[in-house]
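A quick write-up on the structure given underneath.
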Amino acid sequence: MNQENSQNQIQAQQLTPEELQKTQVLNLQELEKTIQYEKKTSKKPAIIVAIIGILSIAIGSSVFTFKTLSSKNDESRIQKKEIVEPQEKEVKETSLTCEMIKLNREDGTDTDLKVIYQFENDKIVSFTKSYTISATNGNEKGIATVEAYKKVYQSFLNPTIGYQITLSPKGTTGMIVNVKVDYEKLDMTTINPTQNTHISTSVEYPKDSSKLNIQTDMISKGLTCK
21 MNQENSQNQI QAQQLTPEEL QKTQVLNLQE LEKTIQYEKK TSKKPAIIVA IIGILSIAIG
81 SSVFTFKTLS SKNDESRIQK KEIVEPQEKE VKETSLTCEM IKLNREDGTD TDLKVIYQFE
141 NDKIVSFTKS YTISATNGNE KGIATVEAYK KVYQSFLNPT IGYQITLSPK GTTGMIVNVK
201 VDYEKLDMTT INPTQNTHIS TSVEYPKDSS KLNIQTDMIS KGLTCK
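Here it is, written out as structure tokens:
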């Protein structure tokens, strides 16, 4: 009897819902015939057979229902995994400002070099430079020096993609050189060699240089950084 029940359960798991329903109807019909027959001979066997038959059908239905629900839950979990979007990597933005001021220089001028570096995750992405040179008050030599600088800087005005340079006057005896560099656009090989002959126009560091290395180098050149 136990072997027959096990076989019934296995067969029930392999049936479709429609086939299972038909099987349950046939089982009930056979069960009714058995009960009718057993009633003629004895009441006890009929009751026992009825209980065993009902349990077998119930177990078969439960197994099929459990497998169906498990399959749906698995599909639901897979769909949830598919719609999970990857998280974007966090970007930490910082800056570094370095400056060097020189007054009463031997050539009769005062100069102010200021550089602002921008970093993402401590790697350089861009910077701006501002270099101001003007004649020291009352120093005729300084005025001549500034005029000479204006002529020299004309050869520095070589903008390219990712590197912009402009020259503007400061009062009547001075000038300002502004440089902007964007490493995302800049091709280092396109920079005119003339740019790297003076600290006010040079690009000292390649892309992705670290903040610590730049700060250390700037301080070694006499700039104050913060």
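Each residue of the sequence shown is one higher than the one before, counting from 21 in the numbering used here. Think of the CB as a built atom: it goes at the ideal place given N, C-alpha and C, for glycine as much as any other residue. All figures in this text were calculated on a predicted structure; none of them were measured in a lab.
- Item | Nearest-angstrom Cβ-Cβ length linking residue 152 and residue 176, presumed shorter than 8 Å | Indexing the sequence shown from 1 puts residue 152 at position 132. Indexing the sequence shown from 1 puts residue 176 at position 156. Residue 152 to residue 176, Cβ: 15 Å. No contact.
- Query: Closest by CA to residue 234, which one among 110, 112, 108 and 116?
  - Reply: Residue numbering aside, residue 234 sits at position 214 when the sequence shown is read from its first letter. The candidate whose alpha carbon is nearest that of residue 234 is 116.
- Query: Thinking C-alpha only, which one of 166, 154, 183 and 170 is nearest residue 147?
  - Reply: What you label residue 147 is simply residue 127 of the sequence shown in a count that begins at 1. Looking at the Cα atoms, 183 is the closest of the given residues.
- Task: Taking only the alpha-carbon atoms, compute the straight-line gap between residue 121 and residue 227 and give it to the nearest angstrom.
- Result: Within the sequence shown, residue 121 is the residue found at index 101, counting from 1. Within the sequence shown, residue 227 is the residue found at index 207, counting from 1. Here the alpha carbon of residue 121 sits roughly 27 Å from the alpha carbon of residue 227.
- If we count the other Cβ atoms within 10 Å of its Cβ and call it buried at 16 or more, is residue 208 buried or exposed? The residue labelled residue 208 in the question sits at position 188 within the sequence shown. By the neighbour-count rule (16 or more Cβ atoms within 10 Å), residue 208 is not buried but exposed.
- residue 201 bridges to which residues according to DSSP? Residue numbering aside, residue 201 sits at position 181 when the sequence shown is read from its first letter. According to DSSP, residue 201 bridges with 147 and 183.
- Message: According to DSSP, residue 133 sits in a beta bridge with which residue or residues?
- Response: As a working mapping, residue 133 is identified with position 113 in the sequence shown. Residue 133 pairs with 120 and 151.
- By Cβ distance below 7 Å, which residues in the same chain neighbour residue 163 in space, the five residues on each side in sequence not counted? In the sequence shown, residue 163 corresponds to position 143, counting from 1. Only 155 and 193 meet the Cβ criterion.
- Item | residue 161 beta carbon less than 9 Å from that of residue 128 | Here residue 128 refers to the residue found at position 108 when the sequence shown is read from its first residue. Here residue 161 refers to the residue found at position 141 when the sequence shown is read from its first residue. Taking 9 Å as the Cβ cut-off, residue 128 and residue 161 qualify as a contacting pair.
- Message: So, at 8 Å on beta carbons, what are the nonlocal neighbours of residue 113 in its own chain, with the 5 sequence-adjacent residues on each side left out?
- Response: Within the sequence shown, numbered from 1, the residue matching residue 113 stands at position 93. The residues are 138, 139 and 140.
- Message: Please report the distance separating the alpha-carbon of residue 167 from that of residue 195.
- Response: Within the sequence shown, numbered from 1, the residue matching residue 167 stands at position 147. Within the sequence shown, numbered from 1, the residue matching residue 195 stands at position 175. Spanning the two alpha carbons is a distance of roughly 9 Å.
- Message: Counting only beta-carbon separations shorter than 9 Å, does residue 160 have a partner in chain C?
- Response: In the structure shown, chain C does not exist; there is a single protein chain.
- Task: Can you have a look at residue 165 and say buried or exposed, based on whether 16 or more other CB atoms are within 10 angstroms of its CB?
- Result: For the purposes of this step, residue 165 is taken as the residue at position 145 of the sequence shown. When all chains shown are included, residue 165 counts as buried.
- Spatially closest choice to residue 180 from 132, 236, 188 and 221, by CA coordinates: Walking along the sequence shown from the start, residue 180 turns up at place 160. Ranking the options by Cα distance to residue 180, first place goes to 221.
- Query: If you check the beta carbons only, do residue 231 and residue 143 fall under 9 Å apart?
  - Reply: Here the question's residue 231 lines up with position 211 in the sequence shown. Here the question's residue 143 lines up with position 123 in the sequence shown. Yes.
- Message: Relative to the C-alpha of residue 218, which candidate in 202, 159 and 241 has its C-alpha closest?
- Response: Walking along the sequence shown from the start, residue 218 turns up at place 198. Checking every option, the nearest Cα to that of residue 218 belongs to 241.
- As assigned by DSSP and simplified to three states, the class of residue 114: Here the question's residue 114 lines up with position 94 in the sequence shown. If DSSP states are grouped into helix, strand and coil, residue 114 belongs with the strands.
- Query: DSSP on residue 224, reduced to helix/strand/coil?
  - Reply: As a position in the sequence shown, residue 224 is number 204, starting the count at 1. In the structure shown, residue 224 sits in coil (DSSP, three-state: anything other than H, G, I, E or B).
- Item | Whether residue 110 touches residue 243 by CB criterion (9 Å) | The residue labelled residue 110 in the question sits at position 90 within the sequence shown. The residue labelled residue 243 in the question sits at position 223 within the sequence shown. Their beta carbons are not under 9 Å apart, which means residue 110 does not touch residue 243 by this criterion.
- Message: Using the Cβ count rule (16 or more neighbours within 10 Å means buried), how would you classify residue 171?
- Response: On the sequence shown, position 151 is the one that residue 171 refers to. Exposed, since its Cβ has fewer than 16 Cβ neighbours within 10 Å.
- The alpha helix (DSSP H) with residue 235 in it runs from where to where? Stepping through the sequence shown from its first residue, residue 235 is reached at position 215. Here the alpha helix (DSSP H) through residue 235 covers 231-240.
- Query: What is the rounded straight-line gap between the Cα of residue 174 and the Cα of residue 108?
  - Reply: Translated into positions along the sequence shown, residue 174 becomes position 154. Translated into positions along the sequence shown, residue 108 becomes position 88. Approximately 45 Å between the Cα atoms of the pair.
- Distance, residue 189 Cα to residue 223 Cα: For the purposes of this step, residue 223 is taken as the residue at position 203 of the sequence shown. For the purposes of this step, residue 189 is taken as the residue at position 169 of the sequence shown. Straight across, the Cα-Cα distance linking residue 223 with residue 189 is about 23 Å.
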